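Residue numbers for the sequence shown follow my numbering, beginning at 509 and rising by one. We put the beta carbon where it would ideally sit given N, CA and C, even for glycine. In this text, all values refer to a predicted model and were calculated from it rather than measured experimentally. Since the structure comes first, as structure tokens, the remarks are kept for the end.
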Amino acid sequence: MADEATQELSVTPSAMAGGATHVSDEVVEKIAVAAAKSVPGVAELGGDVARFFNAVLDRVGLDQVGDARRGCSAHVTEGAAVVNLVIVIDGGRPVPEVTDGVRAAVTSAVEAYGLRVDEINIRVDDVALGGPLVPSA
Numbered sequence: 509m510a511d512e513a514t515q516e517l518s519v520t521p522s523a524m525a526g527g528a529t530h531v532s533d534e535v536v537e538k539i540a541v542a543a544a545k546s547v548p549g550v551a552e553l554g555g556d557v558a559r560f561f562n563a564v565l566d567r568v569g570l571d572q573v574g575d576a577r578r579g580c581s582a583h584v585t586e587g588a589a590v591v592n593l594v595i596v597i598d599g600g601r602p603v604p605e606v607t608d609g610v611r612a613a614v615t616s617a618v619e620a621y622g623l624r625v626d627e628i629n630i631r632v633d634d635v636a637l638g639g640p641l642v643p644s645a
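In structure tokens form, the structure reads like this:
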């Protein structure tokens with residue numbers, strides 16, 4: 509039928525498909541680890557056991573295995589994240605200064621991905637005494 513008109517549909521922004529977006533716990537863990545590592549005074553992440561196994565992996569050439577989320581666990585529920593970190597601080601650094609910096613950096617990084625941060629729990633597991641000491645005031 510040659511005289512039937514072809515109907516065109518216009519697509520507008522309001523015609524966007526719906527659906528849900530879920531961010532996995534692992535994504536938040538990677539973001540949090542990267543942010544925490546950027547804070548001055550954070551020597552390493554992870555507890556004694558995690559650091560031991562990472563040292564073994566380093567020796568056998570698998571130095572990147574497990575680094576992305578080591579020392580961090582996160583739980584995301586309805587767009588809000590709870591982050592738990594285990595850190596090692598540089599010797600001579602005030603714990604509150606380092607942990608406040610970690611909380612600020614992690615909060616900023618996670619919120620940049622559109623999530624809300626409800627809690628950041630930090631356990632200082634060790635102190636690295638090999639570096640230069642910061643004199644106390």
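With the rule of 3 Cβ pairs closer than 8 Å, the region 539-553 counts as touching the region 594-614. Nearest neighbour of E537 by Cα position, chosen from R624, A588, L637 and R578, turns out to be R578. For D598, the CB contacts under 7 Å within the same chain, skipping 5 residues up- and downstream, are G549, A551, A636 and G639 in chain order. Annotated as proximal: V618 and V625, with beta-carbon spacing under 8 Å. Where T607 is concerned, the enclosing alpha helix (DSSP H) starts and stops at V603 to E619.
Ranking E605, A525, G527 and S532 by CA distance to the CA of L623 puts S532 first. Considering only I595, A528, N629 and A620, the residue with the shortest C-alpha distance to H583 is N629. DSSP places V536 inside the alpha helix (DSSP H), whose first and last residues are D533 to K545.
Per DSSP, the beta-bridge partners of E552 are V596.
C-alpha of E586 to C-alpha of V547: approximately 28 Å in a straight line. Within the same chain, Cβ atoms closer than 6 Å to the Cβ of T607 are found at I630, the five residues on either side in sequence being excluded.
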